[in-house]
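Before any comments, here is the structure.
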């Protein structure tokens with residue numbers, strides 16, 4: 255059991271030296287992807303770093319390289335177990351050349367692999383296999399593919415590197431509109447999609463313990479459909495793998511509460527707590543510090559972690 259007695263002040267194991275990265279694109283002496291921690295009695299927090307000018311929440315605040323690196327370091331200081339770097343948002347828009355996407359994200363991954371504490375994992379949010387390969391060569395541990403293997407080479411690249419993979423449900427072609435989504439049974443269709451993509455990843459040679467599933471709240475789904483997915487979240491936990499919940503500040507929270515994105519933190523935390531009770535083990539978030547505190551409290555309530563103390567009340 256993970257308790258405060260065997261972890262550092264942020265709830266992670268004591269720091270190790272981070273692996274030094276090779277020159278980008280060489281493929282020589284690439285840092286070995288580190289495995290995901292055991293999440294059977296632990297919830298991981300994944301901090302978001304977008305190196306884009308059009309992301310829906312940060313709106314370009316981490317566009318510059320130094321700002322992106324600083325954001326990753328700050329997320330770790332606030333307790334993030336994983337830093338997720340992205341160079342293209344999921345929402346529809348003009349395509350971005352994979353070479354340009356790599357130019358955005360690879361320097362961030364390379365710097366963070368050197369500068370982060372060694373136990374903080376690095377994730378790359380991409381649907382291009384070529385970008386994934388470039389990032390894996392400089393220190394990414396995890397590929398977060400929000401398009402569910404739309405690039406047929408993605409699983410092969412992740413398997414070749416021995417990295418981990420997030421398989422996400424979405425049905426549109428990358429960056430293409432998908433207006434008025436229709437599902438006969440959204441819960442069942444999402445489950446079937448994830449099961450099929452899981453089989454494809456296993457056939458490509460990715461180890462089962464390195465696969466995470468994400469039902470994709472809001473991705474090609476309206477608010478009512480997303481709420482159905484959340485209410486039956488346990489259906490996806492039944493697939494036997496860790497689940498990632500990417501809920502932070504999303505539109506379903508805003509439409510449920512009638513609030514703009516700046517006021518959706520409380521609703522995001524409530525949704526996250528709901529999914530944890532039903533099997534979520536990784537939370538992808540914009541607000542790391544407050545999410546870590548919520549997670550730690552739930553872990554204490556579940557008996558997975560001892561109270562941090564000091565225990566002086568009514569003693």
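Numbering (the working numbering), first residue to last: 255 to 569.
Even glycine gets a Cβ: it sits at the ideal position worked out from N, Cα and C.
Judged by beta-carbon spacing, residue 539 lies beyond the 8 Å limit of residue 521, meaning their Cβ atoms are not closer than that value. Bounds of the beta strand (DSSP E) holding residue 419 are 418-422. Residue 468 carries a strand assignment under DSSP once its states are collapsed to helix, strand and coil. Residue 404: not part of any alpha helix (DSSP H); DSSP gives it neither H nor E.
C-alpha of residue 561 to C-alpha of residue 550: approximately 9 Å in a straight line. When the beta-carbon positions are compared, residue 478 and residue 435 stay at least 8 Å from each other.
Under the DSSP definition of a beta bridge, residue 498 partners with 536.
In the displayed model, residue 324 falls within a helix according to three-state DSSP. Between residue 396 and residue 424, the gap from beta carbon to beta carbon reaches 8 Å or more. Boundaries of the alpha helix (DSSP H) harbouring residue 390: 383-391, taken from the DSSP string. DSSP places residue 363 in the helix class (H, G or I) of the three-state scheme. Residue 332 is positioned such that its CB atom lies closer than 8 Å to that of residue 542.
If you draw a straight line from the Cα of residue 356 to the Cα of residue 448, it is about 27 Å long. Burial state of residue 439 is exposed, judged by a 10 Å Cβ sphere holding fewer than 16 other Cβ atoms.
Sequence-distant Cβ neighbours of residue 309 in its own chain, meaning closer than 7 Å and more than five residues away, are 343.
In the three-state reduction of the DSSP assignment, residue 488 falls in the helix class, which pools H, G and I.
For residue 557, the three-state secondary structure derived from DSSP is coil. For residue 377, the enclosing beta strand (DSSP E) starts and ends at 375-379.
Look at residue 508 here: in three-state DSSP terms it is helix.
By the Cβ rule, the segment 442-457 does not count as touching the segment 514-530, because fewer than three pairs are nearer than 8 Å. Inclusion of residue 392 and residue 414 in the CB contact set at 8 Å is not warranted, their separation being larger than that value. DSSP places residue 521 in the uninterrupted alpha helix (DSSP H) bounded by 519-531.
Here residue 567 is exposed. Its C-beta has fewer than 16 other C-beta atoms within 10 Å.
For residue 446, there is no enclosing beta strand (DSSP E); the residue is part of the alpha helix (DSSP H) that begins and ends at 440-457.
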